[in-house]
Each structure stands twice: as C-alpha cells, then as structure tokens.
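Q: This is the structure I want to talk about, given as structure tokens.
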C-alpha cells in the first residue's frame, strides 16, 4: 500500500473506528508496529488534516484522530442543547 491508496484506507478506518490512535491504525492496516510505519501513518494523518477531512488532537504523547464531520455534528448538538 502506498500513497493515495494508503490515505484512502486510513480515512476509512478513521471514519469507522473514531476516535482512533495512530498505533491502532498501524495495527488495523496490518503493518508491522515499528517507528517507520508509525511515522508513515502520522504523515498521512497530517495530510488528511490539511485537507480538512479529519481533526486531530494531542493528548499527552498520543495523537488522536476523528472525522471532520463529527466536529460539525458536535457543534450542532451544542447549539440545540437545552440547559
């Protein structure tokens, strides 16, 4: 898996298993858990974030990702919430 195909697979995993950690993505893609693969997935996560397809957040040393659409739903929920 390389390039656009890998990015497409990462996006599908993020959509189905959000919020997701980079190491979970490596495992779910069937890649060996090593620093090289973690950096490769991290690169594609950053590229997906640049195109506003996903959102990310650092929690300690962990990088968590979720689909950008979920952020929109969260904002709608907050607007509709009755206090």
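In our numbering, the protein residues as written are 17 to 99.
Built from N, CA and C at the ideal position, the CB exists for glycine as well.
(1) Do you know whose CA, among 55, 83 and 21, lies nearest residue 32's CA?
(2) Give every residue of the same chain whose Cβ lies closer than 8 Å to the Cβ of residue 87, excluding the five residues on either side of it in the sequence, and list them in chain order.
(3) Provide the residue(s) that pair with residue 74 in DSSP beta bridges, ordered along the chain.
(4) Can you give, in chain order, each stretch of the alpha helix (DSSP H) that sits fully within the region 26-55 and has at least 4 residues?
(5) In this structure, how does DSSP classify residue 68 when only helix, strand and coil are distinguished?
A: With the structure as the only source:
(1) 83
(2) 71
(3) 79
(4) 38-44
(5) coil
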